[in-house]
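Here the numbering used here runs 2 ahead of the position in the sequence shown, where the first position is 1. Built from N, CA and C at the ideal position, the CB exists for glycine as well. Fair warning: this is a prediction, and the values are worked out from it, not measured in the lab. What follows is a short report on a single structure.
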Amino acid sequence: MVRAPRRRLLLCASRPSLGALGELVQAWRDAAVDVEIETFDSKAPDLVALVAGADRRLDAALLVGSARRAPATVLPAPFAAGRDGKRVPIAWMPARDTASLRRFAATAARVQNRACARSALALLGQWLPRYLHVTQRLCQLADDGRVRAFRWTGDAMTRDSMISALGCGIGLGLYVGHGRSMGWVGYHGVRAHHFDDAGARCGVDVVGASAPMREPMGAILSLCCRTASRRRVALSYAEAIPLSGVAAASFGAVGDTLYSDNTRWAVGVCDALAQGASTVGELLVHAAPASQSALASYRLIGDPLAPLGCSEQALRRAQHVRTYE
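Structure representation (C-alpha cells):
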C-alpha cells in the first residue's frame, strides 16, 4: 500500500485564539499534515512573506487574527508564492469570539476526519437565464462519472429547500449569481442566519428521509460580487459560513467581479475536480484563471486543506433531494 505524501501547513494565530483551534490541529495531524505554528500577540505578521521565507515547501497557510481586520486588508489574494515560485493557497479566519472559533475548529475537524468516497458538487445559482445557462454548462462538464453534480438552482428549489439540501454533507457547493456582503441575492436572498433558522437537521425536502443530523460541507464557493466584503456589515457572509459551522471553508470576493472572470473560475473548478483535486486549496490553485483581475478580488476563508470528498451516505441523501424540475 502506497502512503500519501505528508503535507505541510503554516498556522499563524494570535495567542488568545490558538487554544480554540486544538481540535482542528489534531485533525490535521491525524490526516498526515505537519503543522508549523507561529503565534503573535497583537499585530498580525505578513503571511505572504512568511510563506515566501519558509525553509521548506508549504502546501497551505492559515492566518487567524482579530476580527477587526477585514479579508480585503489582511490578505492580498487567495495565493502566495512559495520559495519555488509555485502558488500556495492562503486563508483567513477572523477570531471573533471563542465560541464561534471553536465551532469552526470542530466543523473543519469533522470534515477532515470523515470518510470520503468520491467528489460531489452542488451547483447553486440565481434564477436568471445567464446563471442558469452557466450551471447547465457546469453540469455537463462535471457529470462525467467521476464528479457527481447536483443542480440545486433557484428555479428548481426554494431557499429553505436549498439550505436543507446543503446539510447532506457533500463536499463542494458553487454559487453563481449576484452577491452582496451580507449574502447571495439568489433564492430571494440568502443570509448566514438562514442556516441557523433551518435548524440543526437535514432532510426537510429529502424523499424518504428521517431528518438526519446536518453535516457540514467541505467548502462553499461564491463566484459573485462582495460576499467577502465588510461593507456595512460587521462580518462578511463568506466569513460567517465557516464560523457558523456550515462548511469548513468558503471562497468569496471582497469587491465587484466580472461575469466573465467568474465563469472562468467555475469552469476551472469543474476541470480541477475532474482531475482529482482533493482539497479546496488544491482546487483553487488548479482552477485559477489567468486573468489577474479574477485573482485579486477573491479570498479564501477557513481551512485551506478542507477535503472535498463525501461519503456514500451523503451521496444517497443528495440523490433523494426533491427539486421542481
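| Query | Result |
| --- | --- |
| Between residue 79 and residue 11, how many whole angstroms is the CB-CB distance? I'm expecting something under 8 Å. | Not a contact, Cβ separation roughly 18 Å. |
| With C-beta atoms as the reference, is residue 301 less than 8 Å away from residue 254? | yes |
| Identify every run of the alpha helix (DSSP H) within the segment 62-145, keeping only runs that are complete inside it and at least 4 residues long; order them along the chain. | 73-76, 100-115 and 131-144 |
| Using only CA atoms, which one of 326, 324 and 305 lies nearest to residue 113? | 305 |
| Applying the criterion that 16 or more other CB atoms from any shown protein chain within 10 Å of the CB defines a buried residue, is residue 294 buried or exposed? | exposed |
| Given residue 98, which residues of its chain have a CB within under 6 Å of its CB, disregarding the five upstream and five downstream residues? | 69 |
| Looking only at C-alpha atoms, which of 274, 279 and 307 sits nearest to residue 291? | 274 |
| Would you decide whether residue 159 is buried or exposed? Buried here means 16 or more other CB atoms lie within 10 Å of its CB. | buried |
| Say whether the segment 253-271 touches the segment 19-29, bearing in mind that this needs 3 or more beta-carbon pairs closer than 8 Å, one atom from each stretch. | no |
| Which same chain residues end up closer than 6 Å to residue 61 when comparing Cβ atoms and leaving out the 5 residues on each side of it in sequence? | 9 and 10 |
| Would you give the residue range spanned by the alpha helix (DSSP H) that residue 39 belongs to? | Run containing residue 39: none in the alpha helix (DSSP H); it sits in the beta strand (DSSP E), 35-42. |
| To which residues of the same chain is residue 311 closer than 7 Å at the C-beta, ignoring the five residues directly before and after it? | 118, 119, 120, 121, 173 and 280 |
| With contact counted as at least three CB pairs below 8 Å, one residue from each stretch, are the segment 48-61 and the segment 88-96 in contact? | yes |
| When the Cβ atoms of the segment 34-42 are set against those of the segment 121-131, are three or more pairs found closer than 8 Å? | no |
| Figure out for me which residue from 249, 191 and 184 has the closest Cα to the Cα of residue 328. | Since the first residue shown for the chain is 3 and the last is 327, residue 328 is missing from the structure and cannot be characterised. |
| Using DSSP with H/G/I as helix, E/B as strand and the rest coil, what is residue 165? | helix |
| Hey, would you say residue 313 sits closer than 8 Å to residue 116, going by beta carbons? | yes |
| Closer than 6 Å by C-beta to residue 96: which residues in its own chain qualify, once you throw out the five before and the five after it? Chain order, please. | 69 and 241 |
| How many whole angstroms separate the CB atoms of residue 149 and residue 264, which I take to be in contact at a CB cut-off of 8 Å? | That pair is no contact at about 19 Å. |
| Would you kindly work out how many angstroms separate the C-alpha atoms of residue 132 and residue 180, rounded to a whole number? | 11 Å |
| So, under 8 Å CB-CB, residue 218 and residue 251 are touching, yes? Tell me the CB distance rounded to an integer number of Å. | Going by Cβ atoms, the distance from residue 218 to residue 251 rounds to 10 Å, so no, they are not a contact pair. |
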